[in-house]
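Enquirer: A single structure is presented below for examination.
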Amino acid sequence: MSYVVSRSSRASLGASFVVVVALAAGASAPLWASSDQLRQMIEIFLYVALACLWNFLAGYAGLVSVGQQAYVGLGGYALFALAAKAGVAPLYSLPLIGVGAALLSAPIALLLFRLRGAYFAITSWVVAEVFRLTAILIVPLGGGSGMSLPLQAAKSLGRTPHERFVAIYITSLVLLMLVLALIFLTLRSRLGLALTAIRDNELAARSNGVNVDRTKLIVYVAAAAGTAMIGAVIFLQKLRISPDSGFSVNDWTALVIFMVVIGGIGTFEGPILGALIYFLLRETLSQLGPYYLMALGAVAIAVMLFEPRGLWGALRARTGLQFLPLSFVVSKRG
Amino acid sequence: MGGFANAVVQGVMVGGLYAMFAIGLALIFGVMKLVNIAHGDLIVLAAYIGLVVTQTLHLNPLAALVFVVPIMAVVGYGLQRGLFNRTMGDDLMPPLLVSFGLSIIMENGFLALFSADNRRLQAGALEVASVKLTDAISIGVLPLLQLVAAILVIAALQLLLYRTRLGRAFRAVSDDPRIAQLMGLNNRHVFGLAMGLSLAIVGLAGVLLAISANFDPASGPTRLIFGFEAVIIGGLSSFWGTLAGGIILGVVQSVAATVDPGLQVLAGHVAFLIVLAIRPQGLFGRPG
Amino acid sequence: MPEAPLLSVTALEAFYGDFQALYGVDVEVGRGRIVAVIGANGAGKSTLLNTLVGLNPAPREAIRFAGEAIGGEPPYKIVKRGIALVPEGRRLFPSLSVEENLLIGAQVGRPGPWTLERVFKLFPILSERRRLPSMSLSGGQQQMVAVGRALMSNPMLLLCDELSLGLAPIVVKEIYAYIRRIVAEGVSAVIVEQDISQALKIADHVYCMLEGRVALSGPAATVTREAIAAAYFGV
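Residue numbers (my numbering), protein chains in the order written: chain A, 1 to 334; chain B, 1001 to 1288; chain C, 2001 to 2235.
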């Protein structure tokens, strides 16, 4: 009797097929979707990307940040500033924004890493507040009331609103694919192995030679860069940014955290599932009015208390289902 | 110069309030290593309870404390035993995420119940009463009350911790929760009592806050952050250190406000980040 | 007719997660008796004591004490019933002084002869140091505090986990002399020990554990060196 160890199982092969089909459908959407449908999908893509990045940070590297809104706002403001003050076309500024956010986030990380757990979390919030309060003070960027995207910059995306939606749609889809691919490849790489070790037992990982601090730094910086680019596209879409909207905890952190927790923290598919469920339920949730965030919060708390692995985690534990080839599968040969 | 001195004095007073925010946090962290992200929202809860009590019973806010403090203490015990006790363990994520979820729920609950309007508790003549120190400096009775209250709370806590059975239980559970059980201590109950005590202090702080400043449903996180900053600046070694941290934060904010009101809170954050960068154990904390 | 044992443990199993530490252990302790449990590291001795005092879960009927089934009860209830543990490594409370460590031992509120004064009479050297931080004492003195702390709960049964750990032989002798005096006053004891000679000297009955099982059980007076060696090393 001999055994084969492989990355794929039948389920994951099937899943890969589904992913390819979804990608094809997604890529073709500009041909058949209306502006409204495109707008919806843009929002979904961007939130899925935010959720995956937050999960990457918290679920894999153990860095529970409640301050990622700092980078969302940073990305938004950077896009607007570059467009308004330097005349940089929005889509070209995205890579710049990613790099800029990465550079800025490194020293922030080194400061934050002096703290653990909830202390780290609260301090990350303080950092976001510093960004927000600073934005209020910067008069050229609109101060407390914020600013609008210059007409020129908006027009550079396309002549008609529909063309602009298409441009943003393609950008969001590409950005989402990049984020997913980056996380996926990382998890399959040596860095991913280090992350799993850190997640399971940081002390043991350290004593086994895993450079925990450098691993965490890489993850934090990558998440910051990705979040900033997503933030840039979010506000490119909204055409207007203000300190309160750019650095909103409710919009960019609370909602994201709830999605990830409900979907399954620490799994690749969890945040995707959580975000999709949120958008499927949004119609129903909007009927709750101001209570929708409360309801989500209550569900997230219930999940944390009774099924901390979240929906996907529980599903995977019960059925052994692995959607994407991320772990090893042992099967008999012949 | 008078303006600067006045700002410092005001900052010291408000520092007493910040210290009270911080002491509740420090107490539960000391006893059970729990950081409650909803702490600021609980301060706001106390403020809203104070509002309801003063409006329905037509009481002076300070008299309303007679109701607010015990209510908050009971809320604290119930919250710990009903919710947070289920999150205690080695994993740091459940208490963090659960308290974060609670914070969001409370903020939106306040919004739904009370609307987004700014509120304030009216304390009548007390609000404008002041004590004149020098020609340029006078201290409002209310701000002075904040500082005095903080000092009294800390003194009372020290007495509790070092002269009573309950305090001994808190210290033992803080040292070694596993062995503390062998002393006949029911940790779940002790944790509940600690949270109850913490929220009783929060009750006092919340009412004092509501008299001295406007509050609204979203005021919670900033109070949490001020308390947290006071703890970090002062260090976790002693409550008096926390008082010092609160005072330093208050003074930094107050002085910055004389330069530009928009700098007030930001300056406090920056001071906190600087202390974190150069002396993470706090100005009065023990290293390591 | 023989008196019912104070403590009777039957087919006790214990797990740490997936790892099984005890495989069906049977132990009995008679009133006023000293029982020694010896064995190599990892044999399950400490696990046994921790399970008896409620720090590990156990089936209800597996542990009977003073006529009642107490398995699975939380530690604070078991202490109230009259079982006290002197933990391995002393585990005094660093934030508490010597006197406070003793006082908190009494927090469970069991009536009985052991008071602060009586413990200080038993260990006069502690009385001189009562206000000092507990961790500033020598190892032997800390051990006395740990024993005194357990006594303050007026137990019927005292569980001692590795009293000799880290102590000089002469200090160990002194500590066990105290244990004999305590037992003479009516407290039963289970002594877990690495120091086999000391254990045999003080005990009425000895159990030797090996890999989570009882490999040897017999009166301390008659059990042979060979039998112990065989049980200890599993040869």
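All C-beta atoms in this analysis are idealised placements derived from N, C-alpha and C, irrespective of residue type, glycine included.
So, helix, strand or coil for Asp2195 of chain C, using DSSP?
Expert: Here residue 2195 of chain C refers to the residue found at position 195 when the third sequence is read from its first residue. Here Asp2195 of chain C sits in coil by DSSP.
Enquirer: Does any C-beta atom of chain C lie closer than 8 Å to the C-beta of Arg1168 of chain B?
Expert: For the purposes of this step, residue 1168 of chain B is taken as the residue at position 168 of the second sequence. Chain C contact via Cβ: present.
Enquirer: Beta carbons nearer than 8 Å to chain E: which residues of the segment 1265–1277 of chain B have them?
Expert: In summary, chain E is missing from the structure at hand, where the protein chains are A, B and C.
Enquirer: Measure the CB-CB distance between Gln1146 of chain B and Leu1051 of chain B and report whether it falls below 8 Å.
Expert: As a working mapping, residue 1146 of chain B is identified with position 146 in the second sequence. As a working mapping, residue 1051 of chain B is identified with position 51 in the second sequence. Their beta carbons are not under 8 Å apart, which means Gln1146 of chain B does not touch Leu1051 of chain B by this criterion.
Enquirer: Using a threshold of 8 Å, state whether the C-beta atoms of Leu1042 of chain B and Val1270 of chain B are closer than that.
Expert: The residue you call residue 1042 of chain B lines up with position 42 of the second sequence. The residue you call residue 1270 of chain B lines up with position 270 of the second sequence. Going by C-beta atoms, Leu1042 of chain B is not nearer than 8 Å to Val1270 of chain B.
Enquirer: What are the start and end residues of each continuous alpha helix (DSSP H) run of 4 or more residues lying completely inside the segment 2111–2139 of chain C, in chain order?
Expert: Entirely contained in the segment 2111–2139 of chain C, the alpha helix (DSSP H) runs reaching 4 residues are, in chain order, 2116–2122 and 2124–2128.
Enquirer: For the alpha helix (DSSP H) that Thr123 of chain A lies in, which residues bound it at each end?
Expert: Mapped onto the first sequence, residue 123 of chain A falls at position 123. It spans Gly117 to Leu137 - the alpha helix (DSSP H) in which Thr123 of chain A sits, taken as one unbroken run.
Enquirer: Which one of C:Asp2018, C:Phe2015, C:Pro2124 and C:Val2029 has the shortest CA to CA distance from Ser2217 of chain C?
Expert: The residue you call residue 2217 of chain C lines up with position 217 of the third sequence. When only C-alpha atoms are compared, the closest one is C:Val2029.
Enquirer: For Gly1076 of chain B and Leu1199 of chain B, I'd like the C-alpha separation in whole angstroms.
Expert: Within the second sequence, residue 1076 of chain B is the residue found at index 76, counting from 1. Within the second sequence, residue 1199 of chain B is the residue found at index 199, counting from 1. Going from the Cα of Gly1076 of chain B to the Cα of Leu1199 of chain B covers about 5 Å.
Enquirer: Is there contact between the segment 183–203 of chain A and the segment 13–28 of chain A, where contact requires at least three CB pairs shorter than 8 Å?
Expert: Result no; under three Cβ-Cβ pairs closer than 8 Å.
Enquirer: Would you kindly report the start and end of the unbroken beta strand (DSSP E) that includes Leu2022 of chain C?
Expert: The residue labelled residue 2022 of chain C in the question sits at position 22 within the third sequence. From DSSP, the beta strand (DSSP E) with Leu2022 of chain C extends over Phe2019 to Val2029.
Enquirer: Count the other C-beta atoms from every protein chain shown that fall within 10 angstroms of the C-beta of Arg2064 of chain C, then say buried if there are 16 or more, exposed otherwise.
Expert: Working through the third sequence from its first residue, we reach residue 2064 of chain C at position 64. Label assigned to Arg2064 of chain C: buried.
Enquirer: With respect to the alpha helix (DSSP H) encompassing Ala1194 of chain B, which residues constitute its N-terminal and C-terminal limits?
Expert: For the purposes of this step, residue 1194 of chain B is taken as residue 194 along the second sequence, with counting starting at 1. Unbroken alpha helix (DSSP H) run through Ala1194 of chain B: Asn1187 to Ser1212.
Enquirer: Is any heavy atom in the ligand GTP found nearer than 7 Å to the beta carbon of Ser1130 of chain B?
Expert: No copy of the ligand GTP appears in this structure; indeed no ligand is present at all.
Enquirer: When the Cα of Ala1150 of chain B is compared with those of B:Leu1243, B:Asp1216 and B:Arg1279, which residue comes out closest?
Expert: Here residue 1150 of chain B is taken as the residue at index 150 of the second sequence, counted from 1. It is B:Leu1243.
Enquirer: Determine the burial state of Thr2222 of chain C: buried for a count of at least 16 other Cβ atoms within 10 Å of its Cβ, exposed for fewer.
Expert: Position 222 of the third sequence, counted from the start, is the residue given in the question as residue 2222 of chain C. Exposed, since its Cβ has fewer than 16 Cβ neighbours within 10 Å.
Enquirer: Taking 8 Å as the threshold (C-beta atoms), are Gly2166 of chain C and Gly2139 of chain C in contact?
Expert: Position 139 of the third sequence, counted from the first residue, corresponds to residue 2139 of chain C. Position 166 of the third sequence, counted from the first residue, corresponds to residue 2166 of chain C. Yes, the Cβ-Cβ distance between Gly2139 of chain C and Gly2166 of chain C is below 8 Å.
Enquirer: So is Val1259 of chain B in contact with chain A if we call contact Cβ pairs under 8 Å?
Expert: Your numbering for residue 1259 of chain B matches position 259 in the second sequence. No, its Cβ sits nowhere closer than 8 Å to a Cβ of chain A.
Enquirer: What span of residues does the alpha helix (DSSP H) with Arg2081 of chain C cover, start to end?
Expert: Numbered from 1 along the third sequence, position 81 holds the residue referred to as residue 2081 of chain C. Pro2075 to Arg2081 is the extent of the alpha helix (DSSP H) around Arg2081 of chain C.
Enquirer: Do the CB positions of Phe1100 of chain B and Pro1217 of chain B come within less than 8 Å of each other?
Expert: Reading the second sequence from its first residue, position 100 is the one you call residue 1100 of chain B. Reading the second sequence from its first residue, position 217 is the one you call residue 1217 of chain B. Taking 8 Å as the Cβ cut-off, Phe1100 of chain B and Pro1217 of chain B do not qualify as a contacting pair.
Enquirer: Return the CA-CA distance between Gly2148 of chain C and Phe1228 of chain B, expressed in angstroms with no decimal places.
Expert: Residue mapping note: residue 2148 of chain C aligns to position 148 of the third sequence, counting from 1. Residue mapping note: residue 1228 of chain B aligns to position 228 of the second sequence, counting from 1. Near 40 Å, if we compare the C-alpha coordinates of Phe1228 of chain B and Gly2148 of chain C.
Enquirer: DSSP three-state label for Arg1119 of chain B, please.
Expert: If you number the second sequence from 1, residue 1119 of chain B lands on position 119. Three-state DSSP puts Arg1119 of chain B in a strand.
Enquirer: If I follow the unbroken beta strand (DSSP E) through Ser2217 of chain C, where does it start and stop?
Expert: The count along the third sequence starts at 1 and reaches residue 2217 of chain C at position 217. First-last of the beta strand (DSSP E) with Ser2217 of chain C: Arg2213 to Pro2219.
Enquirer: With DSSP as the reference, please indicate the residues paired to Glu2013 of chain C in a beta bridge.
Expert: For the purposes of this step, residue 2013 of chain C is identified with residue 13 of the third sequence, where counting begins at 1. Paired residues: C:Tyr2023.
Enquirer: I'd like the list of long-range same chain contacts for Trp312 of chain A, defined as Cβ closer than 7 Å, with 5 residues on each side in sequence excluded.
Expert: The count along the first sequence starts at 1 and reaches residue 312 of chain A at position 312. Within the same chain, Trp312 of chain A has close Cβ partners Gly263, Gly264, Thr267, Glu269, Gly270 and Leu273.
Enquirer: Can you give me the C-alpha to C-alpha distance between Phe1297 of chain B and Ser2136 of chain C, rounded to a whole angstrom?
Expert: Residue 1297 of chain B falls outside the range modelled here, since chain B spans only 1001 to 1288, and no answer is possible.
Enquirer: What is the residue span of the alpha helix (DSSP H) that Tyr47 of chain A lies within?
Expert: Walking along the first sequence from the start, residue 47 of chain A turns up at place 47. Start and end: Ser35 to Asn55.
Enquirer: Using a Cβ-Cβ cut-off of 7 Å (strictly less than) and excluding sequence neighbours within five positions of Ile136 of chain A, which residues of its own chain qualify?
Expert: As a position in the first sequence, residue 136 of chain A is number 136, starting the count at 1. Result list for Ile136 of chain A: Gly143, Gly144 and Pro243, in chain order.
Enquirer: May I have the straight-line CA-CA distance separating Ala205 of chain A from Leu195 of chain A, to the nearest angstrom?
Expert: The residue you call residue 205 of chain A lines up with position 205 of the first sequence. The residue you call residue 195 of chain A lines up with position 195 of the first sequence. Using only the alpha carbons, I get a separation of about 9 Å.
Enquirer: Let me check one thing: in DSSP terms, what residues is Asp2161 of chain C bridge-paired to?
Expert: Counting from 1 along the third sequence, the entry for residue 2161 of chain C is found at position 161. Answer by DSSP bridge pairing, in chain order: C:Val2192.
Enquirer: Using the three-state DSSP reduction, which class does His2205 of chain C fall into: helix, strand or coil?
Expert: One-based indexing of the third sequence puts residue 2205 of chain C at position 205. Note: His2205 of chain C maps to strand in three-state DSSP.
Enquirer: Short check: CB of Leu149 of chain A to CB of Ala83 of chain A, under 8 Å?
Expert: Taking the first residue of the first sequence as position 1, residue 149 of chain A is located at position 149. Taking the first residue of the first sequence as position 1, residue 83 of chain A is located at position 83. Yes, the pair counts as a contact, with Cβ atoms nearer than the cut-off.
Enquirer: If Val219 of chain A and Trp54 of chain A are in contact, beta carbons under 8 Å, what's the gap, nearest whole angstrom?
Expert: By 1-based counting over the first sequence, the position of residue 219 of chain A is 219. By 1-based counting over the first sequence, the position of residue 54 of chain A is 54. Actually they are not in contact, since the Cβ atoms of Val219 of chain A and Trp54 of chain A sit about 11 Å apart, beyond 8 Å.
Enquirer: Compute the Euclidean distance between the alpha carbons of Gly1282 of chain B and Ala2168 of chain C, then round it to the nearest angstrom.
Expert: For this step, residue 1282 of chain B is matched to residue 282 along the second sequence. For this step, residue 2168 of chain C is matched to residue 168 along the third sequence. Computed Cα separation, rounded: 41 Å.
Enquirer: Can you find a CB in chain B that lies within less than 8 Å of the CB of Glu2100 of chain C?
Expert: Residue numbering aside, residue 2100 of chain C sits at position 100 when the third sequence is read from its first letter. Answer yes: the Cβ-Cβ gap between Glu2100 of chain C and chain B drops below 8 Å somewhere.
Enquirer: Can you find the residues in the same chain that come closer than 6 Å, C-beta to C-beta, to Gly2071 of chain C, ignoring five residues on each side of it along the sequence?
Expert: By one-based count along the third sequence, residue 2071 of chain C stands at place 71. Around Gly2071 of chain C: Ala2058, Pro2059, Arg2060, Ala2062 and Ile2063.
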